[in-house]
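2 protein chains.
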Amino acid sequence: MRKDSRLSRMLHILIHMDHMDEPATSDHIAIILQTNPVVVRRTMGCLRDKGYVTSVKGHGGGWRLNVALADITLLDIHNALGESSVFTIGLSDENTECLIEKAVNRELANALKASEDLLLARFGEVSLDKLAI
Amino acid sequence: MRKDSRLSRMLHILIHMDHMDEPATSDHIAIILQTNPVVVRRTMGCLRDKGYVTSVKGHGGGWRLNVALADITLLDIHNALGESSVFTIGLSDENTECLIEKAVNRELANALKASEDLLLARFGEVSLDKLAI
DNA sequence: AACTCACGAAACATATTAAGTTACATGAGT
DNA sequence: ACTCATGTAACTTAATATGTTTCGTGAGTT
Numbered sequence: 314m315r316k317d318s319r320l321s322r323m324l325h326i327l328i329h330m331d332h333m334d335e336p337a338t339s340d341h342i343a344i345i346l347q348t349n350p351v352v353v354r355r356t357m358g359c360l361r362d363k364g365y366v367t368s369v370k371g372h373g374g375g376w377r378l379n380v381a382l383a384d385i386t387l388l389d390i391h392n393a394l395g396e397s398s399v400f401t402i403g404l405s406d407e408n409t410e411c412l413i414e415k416a417v418n419r420e421l422a423n424a425l426k427a428s429e430d431l432l433l434a435r436f437g438e439v440s441l442d443k444l445a446i
Numbered sequence: 314m315r316k317d318s319r320l321s322r323m324l325h326i327l328i329h330m331d332h333m334d335e336p337a338t339s340d341h342i343a344i345i346l347q348t349n350p351v352v353v354r355r356t357m358g359c360l361r362d363k364g365y366v367t368s369v370k371g372h373g374g375g376w377r378l379n380v381a382l383a384d385i386t387l388l389d390i391h392n393a394l395g396e397s398s399v400f401t402i403g404l405s406d407e408n409t410e411c412l413i414e415k416a417v418n419r420e421l422a423n424a425l426k427a428s429e430d431l432l433l434a435r436f437g438e439v440s441l442d443k444l445a446i
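Chains as they are written, first to last, in the working numbering: chain A, 314 to 446; chain B, 314 to 446.
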């Protein structure tokens with residue numbers, strides 16, 4: 314699987330946007346993130362749905378930060394992007410009644426959950442202003 | 314990316330193999346894991362390279378467990394499979410000198426590392442005999 | 001020696017997901 | 001009317017795990 318760099322990219326651009334007086338267009342953001350304007354709209358759209366940014370059409374339009382950096386955490390952005398699972402490791406499909414398979418999957422699920430919980434807890438402790446220069 | 318179920322599958326079959334008197338053929342293993350014999354050879358080959366299993370050709374051949382379940386941990390198998398990163402989350406490519414981007418990536422890298430360290434530490438604490446019925 | 005069994009490995013196909021791209025519709029300001 | 005910028009659908013590309021076919025090779029059987 315290809316790595317999902319959306320979280321990194323969105324954190325990056327949101328911090329930039331905090332300095333901006335004018336709305337940032339998708340084209341402008343795409344240049345900064347070295348990607349495509351449509352990818353920007355697609356991803357920023359997730360953040361707009363949660364109210365973290367606002368989009369304006371037409372002349373002088375673009376994307377504007379809607380909250381203070383101190384008021385959003387890495388976890389907020391992570392959740393806004395709606396990632397299903399943070400792991401490449403998966404469980405086997407339990408198509409049988411095999412108790413060994415179930416025990417293996419249970420152990421792996423518990424270990425993965427503990428690891429993910431730690432990651433998300435840390436994400437929740439870091440607000441974006443702590444990453445700003 | 315599709316989920317990597319190799320760890321789950323290998324743990325499952327290794328525990329089964331501990332009960333077996335005869336070597337298990339790739340075809341037999343494929344049936345238990347509900348997959349393909351070639352996939353079995355490909356994945357079991359990783360474990361053979363580390364000495365955890367032995368393969369024998371010809372009549373009466375197949376795969377045999379080469380160590381006691383108590384002597385291998387989830388971490389051993391995980392490492393044998395040579396997974397690069399356990400996360401779907403990746404960092405952005407730092408093609409610029411942007412300090413914000415670097416700060417974001419540093420924070421994410423640290424958080425991911427702490428989470429992965431916890432996962433691997435737990436994997437290292439669990440030997441396969443603890444999952445056997 | 002011929003036959004069968006089972007691994008080894010190359011080559012190709014499939015599935016999933018992030019990302020990139022093209023094209024067009026829609027709404028807002030000039 | 002014209003231009004700018006988002007919204008969205010559809011398609012393409014890339015990476016990776018998995019599945020499949022085919023043939024080679026070594027080992028035991030008849």
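C-beta: ideal position from N, C-alpha, C; glycine also.
- Comparing alpha carbon positions, the residue from B:MET357, B:ILE385 and B:THR338 closest to GLY371 (chain B) is B:THR338.
- Here ALA424 (chain B) is near LEU432 (chain A), since their CB atoms are less than 8 Å apart.
- Residue contact check for ASN392 (chain B) against chain A: no CB pair falls below 8 Å.
- One thing to note: ASP406 (chain B) has its Cβ no nearer than 8 Å to the Cβ of THR401 (chain A).
- Taking a cut-off of 8 Å on C-beta distances, the region 318 to 325 of chain B does not touch the region 438 to 446 of chain A, as fewer than three cross pairs fall below it.
- Residue contact with chain A for GLU410 (chain B): absent (no Cβ-Cβ distance below 8 Å to any residue of chain A).
- For a Cβ distance threshold of 8 Å, residue set SER321 of chain B lies close to ASN418 (chain A), ordered along the chain.
- ALA393 (chain B) and THR386 (chain B) have their C-alpha atoms some 11 Å from each other.
- Around ALA422 (chain B), the same chain offers LEU404 as residues with beta carbons nearer than 7 Å, after the five sequence neighbours per side are excluded.
- Apart from the 5 residues on each side of it in sequence, GLY395 (chain B) sits with its Cβ closer than 8 Å to the Cβ of CYS359 in its chain, given in chain order.
- A check of alpha carbon separations from LYS443 (chain B) across A:SER428, A:GLU414, A:ASP331 and A:LEU444 identifies A:GLU414 as the nearest.
- The beta-carbon distance between GLY374 (chain B) and PRO350 (chain B), rounded to whole angstroms, is 13 Å. This is too long to meet the 8 Å contact definition.
- When C-beta distances to chain B are compared with 8 Å, the residues of the region 328 to 344 of chain A below that value are ILE328 and HIS329, in chain order.
- The shortest CA-to-CA distance from CYS411 (chain B) to any of A:VAL366, A:HIS341 and A:LEU346 is the one to A:LEU346.
- The beta carbon of ARG361 (chain A) sits no closer than 8 Å to any beta carbon of chain B.
- Within chain B, the residues GLU420 and ALA424 have their CB atoms less than 9 Å from the CB of VAL439 (chain A), given in chain order.
- In this structure, LEU378 (chain B) lies near LEU327 (chain B), with their beta-carbon atoms less than 8 Å apart.
- DSSP places LEU320 (chain B) outside any beta strand (DSSP E); the residue lies instead in the alpha helix (DSSP H), whose first and last residues are 319 to 330.
- In terms of beta-carbon proximity, ARG435 (chain B) lines the interface with chain A, with at least one pair separated by less than 8 Å.
- Per DSSP, the continuous alpha helix (DSSP H) segment holding GLY437 (chain A) begins and ends at 412 to 438.
- For THR367 (chain B), the uninterrupted beta strand (DSSP E) segment begins and ends at 366 to 369.
- Runs of the alpha helix (DSSP H) lying entirely within the region 365 to 405 of chain B and spanning at least 4 residues, in chain order: 387 to 393.
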